[in-house]
Amino acid sequence: MAFARRLISNDDLRARTFRGRHFTAGDWRILLELFVATEEGRRSPVTALTNAPTIAKSTALNRIAEMIDAGILLREADPGDGRRFFISLAPEIHPWLNEALAEMARSDEPPAPE
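Numbering-wise (the working numbering), the sequence shown opens with residue 2 and increments by one.
Put into structure tokens, the structure is as follows:
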């Protein structure tokens, strides 16, 4: 039961962090993939983001397009391959994700002794 409560708390935190904007589990997966890629200094082509087992390829493409339109993600053409595009987090989104993940990690820590 404690684990279920933490999951609910993390969902609530995610909603608060993104100013009440609802993200599906697939959206969250895309954001996390991009966060990790940014931290590792990698670029993410669209195809890499549509291969997650938790979201259908067509749905992932639609959600990526919606998040680009909302200013959450950025799309950049690959200068070496005109058929490929890279997706990245908008600059202001990375710090939001970083803080949300840090707060989620803190919520998973055992309480400090009193």
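All C-beta atoms in this analysis are idealised placements derived from N, C-alpha and C, irrespective of residue type, glycine included.
Owing to the predicted nature of the structure, the values given are computational and were not obtained by experimental measurement.
Determine the direct distance from the alpha carbon of residue j to that of residue i, and round the result to whole angstroms.
i      : j      : result
Glu41  : Glu34  : 11 Å
Gly27  : Ala66  : 13 Å
Ala71  : Arg30  : 17 Å
Leu75  : Ser45  : 11 Å
Thr25  : Arg85  : 25 Å
Ala49  : Leu62  : 11 Å
Thr51  : Thr60  : 8 Å
Met105 : Ile94  : 16 Å
Ala8   : Met2   : Rather than Ala, the amino acid found at residue 8 in this sequence is Leu. Computed Cα separation, rounded: 10 Å.
Thr69  : Glu100 : Looking at the sequence shown, residue 69 is not Thr but Ile. Those two C-alpha atoms are separated by around 21 Å.
Gly83  : His23  : 33 Å
Glu184 : Thr55  : Residue coverage of the chain in this structure runs from 2 to 115, which leaves residue 184 outside it and unanswerable.
Asp12  : Arg64  : 19 Å
What I want to know is whether the C-beta of residue i ends up closer than 8 Å to one or more non-hydrogen atoms of the ligand MG.
i     : result
Thr39 : As presented, the structure is devoid of all ligands, the ligand MG included, so that no description of it is given.
Look up residue i in the DSSP assignment and give the residues it is bridged to.
i     : result
Phe87 : Pro46 and Glu77
Asp28 : The partner list for Asp28 (beta bridge, DSSP) is empty, contrary to what the question assumes.
Asp82 : Asp79
Going by the beta-carbon positions, is the gap between residue i and residue j smaller than 9 Å?
i     : j     : result
Ala53 : Ser89 : no
Ile73 : Ala91 : yes
Under three-state DSSP, which class holds residue i?
i      : result
Glu93  : coil
Met2   : coil
Ala106 : helix
Thr55  : coil
Ala66  : helix
Ala71  : coil
Whole-angstrom Cβ separation of residue i and residue j, contact assumed at under 8 Å?
i     : j     : result
Leu98 : Leu32 : 6 Å
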